[in-house]
Amino acid sequence: MPLMEKHMPQFGETASHRNSLSRAETLEHAMSEALDKLVVKSVIYTSGEIDPTQFPNLSPSDLAGKRLLMGDDPRLVPMPEKPTLLDFFKYRFAPATHLLQSAQLALKAGHNEKVVLACLLHDIAFIGFIRSEHGYWGAQLLEPYVDEEIAWAIRAHQVLRFFPDESVGYAYPEAYVQFFGEDFRPEPYVEAAYRKMRDHKYYMTARLITLNDVYSFDPAAVVDMEAFTDIIGRNFKQPEEGLGFDDSPSAHMWRTIIWPTKFL
Ligand SMILES: [Fe+2]
Ligand SMILES: [Fe+2]
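Using this note's numbering, read the sequence shown as starting at 1345 and increasing by one per residue.
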């Protein structure tokens, strides 16, 4: 999602409502904020959205009278000093409808808490950070804070989405035929990863993510985050210092989500 479309989110609000709200707010921000405090050509620097053909050569004239952003982006809601996972859902990932509905499907199907949490978190990398290879990024982001089974499953869903498993009723997604065409085949490295994952002890946990990872939702259905707060409390090791400030191997990734346009 382009950064400019972010705004103070509400769980469960519809995408069209959010977009029209956020466009109005974006305009308002654009007019009212002191432009010399904004990062120069900042959209280019938004995490995961760098277009290598557009890499800017900043010249002294580009920078004249401007300061490069090294803190909060005024277009985004500031985060609390010691942010929790729920704060990230509220201020950076919301409405997160796809994640909430995936987790609710898993809950209703009677799966255990690890599966439910894996479904709730499986796409946070691309919702908050980067789309390409999001399963791998998401697993790294979460590894210090969740059971290894959850992190493994989130990593593997990246690959398993492309491969059917009739034993659980998972077919190749119809949406992928539309997205990528009839002729699309995953790269050989993806197939090699799939063959390894197929025999792993956590295979079924990852497979259950793909089973609950549906693209067609009822847009009117509202899922309350409240339904998952106890599961998060029991299964996510929230660091006292706040995500991003606990010196974990992925703390820098959480900070990038907090400050996606910080110049350095
Ligand atoms: Fe995904
Ligand atoms: Fe998904």
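Glycine included, every Cβ here is placed at the ideal spot set by N, Cα and C. Because the structure is a prediction, the values reported are computed rather than measured.
| Item | Value |
| --- | --- |
| Which residues does DSSP list as the beta-bridge partners of D1574? | Looking at the DSSP assignment, D1574 forms no beta bridge with any residue, so it has no partner. |
| Could you tell me the alpha carbon to alpha carbon distance between R1475 and G1482, rounded to whole angstroms? | 10 Å |
| Compute the distance between the beta-carbons of K1410 and V1490, then report whether it is under 9 Å. | no |
| Determine the direct distance from the alpha carbon of E1531 to that of T1573, and round the result to whole angstroms. | 38 Å |
| So is the beta-carbon of D1543 under 8 Å away from any non-hydrogen atom of ligand 2? | no |
| Compute the distance between the beta-carbons of L1449 and V1558, then report whether it is under 9 Å. | yes |
| Could you check if G1479 belongs to the surroundings of ligand 1, using beta carbon to heavy atom distance under 8 Å? | yes |
| Assuming M1541 is part of the alpha helix (DSSP H), what are its boundary residues? | 1532-1542 |
| Can you tell me which residues form a DSSP beta bridge with D1509? | Y1514 |
| Here's a check: name, in chain order, each residue in its chain whose Cβ is nearer than 8 Å to the Cβ of P1517, leaving out the five neighbours to either side. | R1505, Y1559 |
| Give the single residue among N1556, E1493, Q1484, V1521 whose Cα lies nearest to the Cα of S1592. | Q1484 |
| Under three-state DSSP, which class holds T1605? | coil |
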